[in-house]
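Chains as they are written, first to last, in our numbering: chain H, -5 to 377; chain R, 128 to 377.
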């Protein structure tokens, strides 16, 4: 039995053992935030894994961070409430100036400041980020933000917001993505000062929100890097996000397979365990094989990323395969549990709803397929 | 003050154990192994004494295969300062372990040795007591509370009639019971630090101790399978079955 980063995984498993299904069921029912769980992860340093040691983190790579998230999900917990704390800071780390790094990274590492919200998507622009309409207008004392974001997760529980806004119109630049800037906004004092947050009731407890900006002032010191170059800055963080979330999907797949196997062995119908039937065992075996294959791709993408090699293809394929594997394993698990799969107390239905997200966010399966078709295989652009 | 804790690598407490094909032992191939839970409590107590400033150095010792280094690393990630592995591929009985620990004690000169009251694999509950006897040190067994003051330790013990608190002189051997503390899980920074802490590996042959087994295991077998229960109609039938079938009342 050899697993990568065994010591880290073991510690995460022990932490997660303190947050059983009942904990998550209650939160899901109330649509509330897992504050205790996030505090435990923060205090144990798991959320600052990717922050360099000089800023108070552990200076590890996405392989280790991925192992942490995979284990959270394989334990039946959910990293969705806090995984952004791990990687959103990457934009500041890579493109922020020294003052921004020294001001924010140590506090993000210690958990004193939560950076969990990333404002990109708008009602009228989905994956086509070049069409965002939120504007940032330069003034003597900073930028005035106007516009709207949607699906901005965890912003109610975040102190800082990484925000994408147009400093120049789409038509004025050479490329559609020129003129987008990225800002780090301290939102603690901005409610009623041009910032309005409206929670969105959704299929899963992911603290998703709509956000409205009306003449919200962001000081000049909040601009990350150069004005107008923001889209490029967030691009390299996207591969990390995809690889990390792929680990979460693998963790979900492991959880579903584990649950299905356990139930198929124990549940006796017609005087025999249902797992004796090939109609029950084959789908589980198939899902296991798919999960193992996806896991290899996820590990490869993570390794390339950590070695600073190009990994766009691998990160996308990893996220695609892992999300499909977890979804199929979830469906098999539901089917194996029969009617009990629908009962809240088994946690299957909750995990089933939760894992469905990976096929849609942070990028949908279709867009990955069109990326592979166009950029890897050289087929004509489809949109 | 220096404290030595002994940690044993055992089959994880969550694993449903099986007897091996030969019927000579519990199967440990491809089975999840972890630190003996009572030893985890011992490490935790040592770390707490360190944090309270009463202990200057905490050393974790294990006796076993090379894989036991992983168990020592767990102790180091919890907060122990360094490790010692007495490496052997053979199973060692409690007397052998106690003799080996005695040698380590003569080298390390700890003020307190904290051990789990028993390991969950063989449930022997002997090592701590044998070590105290061999060292001719006082012992406080089944501790549910430990209070160290200068050269003495007050140990609250869980005994049949309730709680008994004794005072012993240091150096001493203390064995831990379940309720002494709740062990922590390691934090990520401490896991990373633990990778750099030293583990001294001593081949068992170097210590020249007679560890030959005194007990021969003849057979290991699984407990009989529990048979399905029956539903009785009334109390009369229950009493009748208890008397005539189960023969537990007369």
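Note that the Cβ used here is the ideal one computed from N, Cα and C, for glycine as well.
**Report entry** Same chain only: Cβ atoms within 8 Å of residue 344 of chain R, ignoring 5 sequence neighbours per side
**Finding:** 151, 152
Requested in this report: For residue 309 of chain H, count neighbouring C-beta atoms within 10 Å of its own C-beta (all shown protein chains included) and say buried if the count is 16 or more, exposed if not.
Outcome: buried
Query - Cβ-based contacts, 7 Å cut-off: residues of the region 316 to 331 of chain R near chain H - result: 316, 318, 319
Query raised in the report: How far does the alpha helix (DSSP H) with residue 296 of chain H in it reach, from first residue to last?
Result: 272 to 300
Query raised in the report: If you run the structure through DSSP and keep just helix, strand and coil, what is residue 203 of chain H?
Result: strand
Query raised in the report: Under a Cβ-count criterion, where at least 16 other Cβ atoms within 10 Å of its own Cβ denotes burial, should residue 290 of chain H be classed as buried or exposed?
Result: exposed
Query raised in the report: Can the beta-carbon of residue 85 of chain H be found closer than 8 Å to that of residue 237 of chain H?
Result: no
Requested in this report: Round the Cβ separation of residue 210 of chain R and residue 246 of chain R to the nearest angstrom and send it over; I've been treating them as touching at under 8 Å.
Outcome: That belief does not hold up - the Cβ atoms of residue 210 of chain R and residue 246 of chain R are roughly 18 Å apart, past 8 Å.
**Report entry** DSSP-derived helix/strand/coil call for residue 137 of chain H
**Finding:** strand
Report task. Using 10 angstroms around the beta-carbon of residue 272 of chain H, count the other beta-carbons present and answer buried if the total reaches 16, otherwise exposed. Result -> exposed
Query raised in the report: Nearest to residue 241 of chain H by alpha carbon, out of H/67, H/372, H/198, H/189?
Result: H/67
Query raised in the report: Going by the beta-carbon positions, is the gap between residue 289 of chain R and residue 268 of chain R smaller than 8 Å?
Result: no
**Report entry** Cβ neighbours of residue 184 of chain H in the same chain (closer than 8 Å, five flanking residues each side left out)
**Finding:** 210
Report task. Output yes or no for whether 8 Å exceeds the beta carbon distance between residue 160 of chain H and residue 110 of chain H. Result -> no
Query - Which residues DSSP lists as bridging residue 130 of chain R, in chain order - result: R/185, R/239
Query raised in the report: In chain H, which residues lie with their C-beta within 8 Å of the C-beta of residue 355 of chain R?
Result: Those do not exist, as residue 355 of chain R stays about 12 Å from chain H at its closest Cβ, beyond 8 Å.
Query raised in the report: Is residue 89 of chain H buried or exposed, if buried means 16 or more other CB atoms sit within 10 Å of its CB?
Result: buried
Query raised in the report: Which term fits residue 370 of chain R, buried or exposed, when burial requires 16 or more other beta carbons within 10 angstroms of its beta carbon?
Result: exposed
Query raised in the report: Where residue -5 of chain H and residue 312 of chain R are concerned, what is the direct C-alpha to C-alpha distance, given to the nearest angstrom?
Result: Any reading at residue -5 of chain H needs caution, since the residue's pLDDT is 41, under 50, leaving its predicted position unreliable; the model's value is listed next. Their Cα atoms are separated by approximately 21 Å.
Report task. Anything in the region 43 to 67 of chain H with a Cβ closer than 7 Å to a Cβ of chain R? List those residues in chain order, please. Result -> 43, 52
**Report entry** Limits of the alpha helix (DSSP H) - the one that residue 163 of chain R falls within
**Finding:** Here residue 163 of chain R belongs to no alpha helix (DSSP H), and DSSP marks it neither H nor E.
Query raised in the report: Under a Cβ-count criterion, where at least 16 other Cβ atoms within 10 Å of its own Cβ denotes burial, should residue 200 of chain R be classed as buried or exposed?
Result: buried
Requested in this report: Ignore the nearest five residues each way along the sequence and tell me which others in residue 129 of chain R's own chain have a CB closer than 6 Å to its CB.
Outcome: 184, 237, 238
Query - Close beta carbons around residue 423 of chain H, own chain, < 8 Å, minus the five adjacent residues each side - result: The requested residue 423 of chain H is not part of the displayed model; chain H covers only -5 to 377.
Query raised in the report: Count the other CB atoms within 10 Å of the CB of residue 341 of chain H; is the residue buried (16 or more) or exposed (fewer)?
Result: buried
Requested in this report: Check each candidate in R/175, R/181, R/335, R/132 and name the one with the smallest Cα separation from residue 276 of chain R.
Outcome: R/181
**Report entry** Cutoff 8 Å: residue 290 of chain H Cβ touching any chain R Cβ
**Finding:** no
Requested in this report: Compute the minimum distance between the beta carbon of residue 377 of chain R and the heavy atoms of the ligand SAM, and state whether it is under 7 Å.
Outcome: Only the bare structure without any ligand can be found here, which leaves the ligand SAM out of the picture.
Report task. Check whether the Cβ of residue 211 of chain H lies closer than 8 Å to any Cβ atom in chain R. Result -> no
**Report entry** Euclidean distance between Cα positions of residue 37 of chain H and residue 334 of chain R
**Finding:** 42 Å
Requested in this report: Would you kindly work out how many angstroms separate the C-alpha atoms of residue 99 of chain H and residue 40 of chain H, rounded to a whole number?
Outcome: 15 Å
Query raised in the report: Start and end of the alpha helix (DSSP H) containing residue 231 of chain H?
Result: 224 to 260
Query raised in the report: Looking at C-beta atoms only, is the number of pairs between the region 248 to 265 of chain R and the region 295 to 308 of chain R that lie closer than 8 Å three or more?
Result: yes
Query raised in the report: Three or more beta-carbon pairs under 8 Å between the region 346 to 353 of chain H and the region 362 to 373 of chain H, yes or no?
Result: no
**Report entry** For residue 284 of chain H and residue 243 of chain H, believed in contact at Cβ under 8 Å, the rounded distance
**Finding:** Residue 243 of chain H to residue 284 of chain H, Cβ: 11 Å. No contact.
Report task. Would you list the residues sitting across from residue 158 of chain H in a DSSP beta bridge? Result -> H/176
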